[in-house]
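In this note's numbering, the protein residues as written are 484 to 778.
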């Protein structure tokens, strides 16, 4: 008979992942360190494989332990959603949610699907704009919650995950080797565009902004068709694109944070619930929350 995984043990396991130690994990889940250790021993017995290995005075995860992380997050999330559906009172109304369109394909399906399962009576109005516009609409209370890019500035929110900004070109064309590099980018206020232009100026690479659009799909199409190179989060790279490296003359652009903003004042219960789903979905990408400045 196939053994069953214990959700409480998986929550403790994830607390170890998120805090980096058995002691801090115990504080997180309100258990003693010995209780945490016992739970992990029982989890290993259930799996029939070790998930931790001693390394000096500390521990590290085995290959199986690393693999368990993804399953544990999915199982714990699904368990919490099921409990939430049957135990929380019905919430109705409308929530206004914003996201840059380049994140819409990556994060939006998961967030909205999970939210609908737990709050089917709430209507979600979605707007796609660049992060600076979303920040302004949040300040004006025209949106309740927004997923945004954080990269310095005077607007503060909750950073939840990180992504690397990479150069991309077409797999089928040699656009990146042209004497004057054609670039597809957003408006001049976009921080990614500023990084791209600064990097090209620093290496004295001739370039021209050949295509400008606030729409990610337009920029992606320009790259895929070999009309221009661009820069985008690694998580947004699409089929038909190839990442350009430093060895090819394209300097590293660095990483940035993705997070959440909420409008001033008390959010409705529906907006609070959606914010929590955004937080859980983005945090599951691997970064603990902290306060950062938005672009």
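Backbone N, C-alpha and C fix where the C-beta goes; we use that ideal spot for every residue, glycine too.
Can you name the start and end residues of the alpha helix (DSSP H) that residue i belongs to?
i, result
"residue 492", "490–502"
"residue 655", "Neither: residue 655 is in no alpha helix (DSSP H) and is coded neither H nor E."
"residue 510", "505–512"
Assign residue i to one of three DSSP states: helix, strand, or coil.
i, result
"residue 557", "helix"
"residue 594", "helix"
"residue 542", "strand"
"residue 645", "strand"
"residue 537", "strand"
"residue 667", "strand"
"residue 618", "helix"
"residue 601", "helix"
"residue 456", "Any question about residue 456 goes unanswered here, given that the chain covers just 484 to 778."
"residue 608", "strand"
Going by DSSP, what residue range makes up the beta strand (DSSP E) through residue i?
i, result
"residue 532", "Taken as a continuous stretch (DSSP letters only), residue 532 belongs to no beta strand (DSSP E), as it is neither H nor E."
"residue 575", "Looking at the DSSP string, residue 575 is not in any beta strand (DSSP E), and its letter there is neither H nor E."
"residue 632", "628–633"
For residue i, count the other beta carbons within 10 Å of its own beta carbon; 16 or more makes it buried, fewer makes it exposed. Which is it?
i, result
"residue 509", "buried"
"residue 624", "exposed"
"residue 699", "buried"
"residue 599", "exposed"
"residue 660", "exposed"
"residue 717", "exposed"
"residue 586", "buried"
"residue 663", "exposed"
Mind reading off the beta-carbon distance from residue i to residue j? Whole number of angstroms is fine, and I expect it under 8 Å.
i, j, result
"residue 613", "residue 673", "6 Å"
"residue 825", "residue 494", "Since the first residue of the chain shown is 484 and the last is 778, residue 825 is not available in this structure."
"residue 499", "residue 630", "That pair is no contact at about 27 Å."
"residue 645", "residue 738", "5 Å"
"residue 523", "residue 628", "Not really, about 35 Å apart at Cβ, beyond 8 Å."
"residue 609", "residue 580", "5 Å"
Please report whether the beta-carbon of residue i lies at a distance below 8 Å from any beta-carbon of chain C.
i, result
"residue 730", "Judged by its chain identifiers, the structure shown contains no chain C, having just a single protein chain."
### 3-residue-minimum beta strand (DSSP E) runs that sit fully inside the region 682–765, ordered along the chain
Taking only runs of at least 3 residues, the beta strand (DSSP E) segments lying wholly in the region 682–765 are 690–695, 713–716, 724–727, 738–745.
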